[in-house]
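In my numbering, the protein residues as written are 473 to 1367. Built from N, CA and C at the ideal position, the CB exists for glycine as well.
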Ligand code: ATP
Ligand code: MG
């Protein structure tokens, strides 16, 4: 039997022998496409070539692409586990021609590989071709239809025509497209599957799709032939493996069996045991919910492993939330239908790494991170999982008993907000209980909750009724403008009459403003509203829906509704703009230095500094930080134009390399900030952004990174300064250096060396006395044996008191019951006595008395506790004599 690893390799070798360049899979995290949740087809990474925006030094390519279809245009999540051939994560084997070969070779090679190389039975294969579409003015693809008969020996009655849905492939609303030809396999026992082609039957499935990219669809929906014609094919590895391994289910192939078996070791359930089939892994009973659970868990564990390896981080929004939802779905299946306690998905990771690590080194490399992250996610959901299931059960029983069919929206919301159940999970649970979820009610509860915990916190802004929309177009220009006071927000109420008196705190609502209300990570502006006889100081501008609230205090005069004011934004906004433009440059530079996996996870831009959070799995090294800083400053020195352009969302999404925060809802039309796209030059950076920016990069002045740290698993934070703050920072560091080099009398450049030498010296100095007093070297002048251990008396060289105490400790640790040590240094004598608790309890020898008795012999005095005592003296020459006395003293007492 051919293993999946062999199949993958043979596919690649087959096309490599036909002059295809072997390329690696691209990351599951789309590098260039803010509209794409995850890589979902092999062609994603070649999209720009089809669009004629990019050329490569090869015209044929082959790979195995990691795909996730769990959201967006392609979403197979609901099918996974219930059928046996759709996964959320799968590998798509593909071969490409970029304006090189076309239909004939694509068809001939696909047939040769499937039937000659792999020996699939010809009478079980079907090909579909496009039947044409009169409305679109599209001819039937009789070219492909004829080629199937000319270049292959397929049974002509196995060639079917199909409509747009199955046989005209489109990337999206616009873009490259063309007819496609699919290859299906009939795995019915008696070979009667012809009528089941394209009928969603598990035994007759699509194996391979050959797409012939011929057209471009423009904004108006019109198709125009492309200058070059391309081939784009995709075949699911798991599906072709099942065909080649003669299995009914993808889960019965060698890529899945070990995972299912590992799941079995964690439960009492035996997969596929309900039907007495020859191969229990081939059982496809969609009603056996425990088997469904096994399949879902096996599938989802792979998805999690690969998504995490590619830097997709579980979170509460965007693709991160898709991943978290997938994890929670799997966790629920395991808990409820397989009775597994505690984290278990994490236990499947080693099996998956074992199975697939040779083909995808990243999962080996990030194994530990993947394990830690999944474990943490499972643990955190595990805390509320049981209680959530319990709450759902109670509600479901109550509803069913009352003859009702719909779970109220607030229950679904409670499950989400309190127990962490994503609403699609609640929907699955509802479906299992033959209920539906009141989604309208859920959305309503969610909206209410958002309002209460809303963004304009200070004022519970969104919850304030009656706020008008503010015309804030002037915010980008920043020049002072005249405006009229429409009302105030005081104590959470919007009032449209009356006046504020000096000292009143409130938020002023104007008809128009040049203040930027906090959003998109950029802080709100400060400034003043001045008027004849008065002045209102704006501390912060916040957004409440469409309304800009100018929060602050009336410093002088009386401010009435209807008053004309001059709104002036504080100059510190210029610093904010420096920081915002620099943030875009940093976003770009980090990807240049660290790689395409870097994605913005958050940012905060204020006049004082900028903070940028991004996905990256380890600390950024000092060299990488320096390189990033250098790249940004080079762009600053290049004095490039920063332009803002509002354009249709669909057009904006086509900008090469455009960045957006996934999960953010962008308006259509959307504002795009581009840096450096002068003439026909490609922009250095293009981002969807509503913030305020400089006109030219040189106005950043100077860019300086001040820290790099971790904020969450897989998320790093860089804090940086620009303009005057950066300058002040450099001056401060310079000052520190200057004062250091003065006190150490060393040139600044030599400080590291000088300090290094000093540290070494200090270390050696510290070591010296210790060595003199090391327990190993200690030769007692007298030893007295007692039932509690030996009593040792001797010299400790020239050791200092601390080192002598240390020596006594060491002697004690080595079993001595008491020690009396003496040392002489620079004309001074030190005596230290230490007695163990046991010996003290034996009631005879006490350290305090001991030194008190001996100290006079060296011309000194001292004392201390029964366990530890110290004395000083002035006659080093009497040391030996004193030690003899100490020995007799102890011997007398202990005899
Ligand atoms: P289907 O109609 O079966 O969902 P599709 O038309 O969505 O397939 P394509 O977009 O043409 O599939 O993808 C190319 C190939 O990738 C398919 O022929 C199939 O072998 C494989 N494939 C697609 N979706 C999945 C999936 N969810 N799991 C496993 N393999 C898949
Ligand atoms: Mg599909």
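Contact check, residue i vs residue j, beta carbons under 8 Å
i, j, result
"residue 480", "residue 831", "yes"
"residue 705", "residue 591", "no"
"residue 492", "residue 533", "yes"
"residue 518", "residue 568", "yes"
"residue 1289", "residue 1331", "no"
"residue 647", "residue 523", "yes"
"residue 838", "residue 1089", "yes"
"residue 1270", "residue 1253", "no"
"residue 543", "residue 767", "no"
"residue 1333", "residue 1343", "yes"
"residue 954", "residue 1038", "yes"
"residue 814", "residue 854", "yes"
"residue 655", "residue 619", "no"
"residue 587", "residue 669", "no"
"residue 1058", "residue 936", "no"
"residue 1301", "residue 1351", "yes"
"residue 979", "residue 1022", "yes"
Residue environment, residue i, which counts as buried when at least 16 other CB atoms sit within 10 Å
i, result
"residue 1360", "exposed"
"residue 1364", "exposed"
"residue 1234", "exposed"
"residue 925", "The predicted position of residue 925 is uncertain, since its pLDDT is 43 and thus under 50; a value taken from the coordinates is nonetheless stated next. Burial call: exposed."
"residue 1034", "exposed"
"residue 694", "exposed"
"residue 476", "buried"
"residue 1373", "The requested residue 1373 does not occur in the structure, where the chain is confined to residues 473 to 1367."
"residue 535", "buried"
"residue 708", "buried"
"residue 1091", "exposed"
"residue 1056", "buried"
"residue 1348", "buried"
"residue 1367", "exposed"
"residue 1380", "Outside the shown range of the chain (473 to 1367) lies residue 1380, about which nothing can therefore be said."
"residue 742", "exposed"
"residue 981", "buried"
"residue 1043", "exposed"
"residue 1362", "buried"
"residue 1230", "exposed"
"residue 850", "buried"
"residue 931", "Since pLDDT at residue 931 reaches only 36, below the 50 mark, its modelled position is unreliable, and no value is offered."
Pick from the options that is closest to residue i, judged by C-alpha positions
i, options, result
"residue 1309", "1302, 1300, 1319 and 1303", "1319"
"residue 1173", "1126, 1050, 1075 and 585", "1050"
"residue 1181", "1285, 976, 1094 and 1354", "1094"
"residue 1077", "1162, 563 and 722", "1162"
"residue 1258", "1221, 1316 and 1330", "1316"
"residue 501", "526, 986, 551 and 784", "784"
"residue 846", "699, 1100, 775 and 910", "775"
"residue 872", "859, 849, 1303 and 905", "905"
"residue 820", "1065, 1185 and 777", "777"
"residue 643", "1149, 1122, 1142 and 869", "1122"
"residue 1282", "1303, 1302 and 1248", "1248"
"residue 992", "1166, 1193, 703 and 1073", "1073"
(message) Which runs of the beta strand (DSSP E) at least 3 residues long sit entirely within the region 1007 to 1082? Give them in chain order.
(response) Fully enclosed beta strand (DSSP E) runs of 3 or longer: 1019 to 1028, 1030 to 1032, 1036 to 1041 and 1072 to 1077.
(request) Say whether the region 989 to 1007 touches the region 1019 to 1027, bearing in mind that this needs 3 or more beta-carbon pairs closer than 8 Å, one atom from each stretch. (result) yes
(message) With three or more beta-carbon pairs closer than 8 Å as the criterion, would you say the region 886 to 901 touches the region 856 to 865?
(response) yes
(message) Is it the case that the region 1318 to 1337 contacts the region 1299 to 1309, given that we only count it when at least three CB pairs across the two stretches are under 8 Å?
(response) Yes, the region 1299 to 1309 touches the region 1318 to 1337.
(message) Please give the ranges of any beta strand (DSSP E) in the region 1105 to 1186, keeping only runs that are unbroken, at least 3 residues long and fully inside the region.
(response) For the region 1105 to 1186, the continuous beta strand (DSSP E) assignments of 3+ residues that do not extend past its boundaries occur at 1114 to 1119, 1142 to 1147, 1157 to 1160 and 1175 to 1184, in sequence order.
(request) Could you say if the region 878 to 890 and the region 1221 to 1236 meet the contact criterion of at least three C-beta pairs nearer than 8 Å? (result) no
(request) Say whether the region 752 to 761 touches the region 717 to 729, bearing in mind that this needs 3 or more beta-carbon pairs closer than 8 Å, one atom from each stretch. (result) yes
(message) Give the list of continuous alpha helix (DSSP H) stretches no shorter than 4 residues that lie fully inside the region 1269 to 1345.
(response) 1273 to 1285, 1309 to 1313 and 1319 to 1326
(request) Flag this pair as touching only if the region 1081 to 1094 and the region 1105 to 1124 have three or more C-beta atom pairs under 8 Å; answer yes or no. (result) Cβ pair count under 8 Å is below three, so no.
(request) Kindly provide the ranges of any alpha helix (DSSP H) runs that are 4 or more residues long and lie completely inside the region 491 to 533, ordered along the chain. (result) 519 to 522
(message) For the pair the region 651 to 661 and the region 607 to 621, tell me if three or more CB-CB distances fall below 8 Å.
(response) When Cβ pairs closer than 8 Å are counted between the two stretches, the region 651 to 661 is seen to touch the region 607 to 621, the count reaching three or more.
(request) Please specify which runs of the alpha helix (DSSP H), each continuous and at least 4 residues long, are wholly inside the region 885 to 918, giving them in chain order. (result) 895 to 904
(request) Inspect the CB distances between the region 1095 to 1106 and the region 790 to 803 and report whether three or more fall short of 8 Å. (result) no
(request) Kindly provide the ranges of any beta strand (DSSP E) runs that are 3 or more residues long and lie completely inside the region 815 to 866, ordered along the chain. (result) none
(request) Please go through the region 930 to 992 and give each complete beta strand (DSSP E) segment of 3 or more residues, from N-terminal end onward. (result) For the region 930 to 992, whole beta strand (DSSP E) runs of length 3 or above, ordered along the chain, are 953 to 962, 965 to 967, 971 to 973 and 977 to 982.
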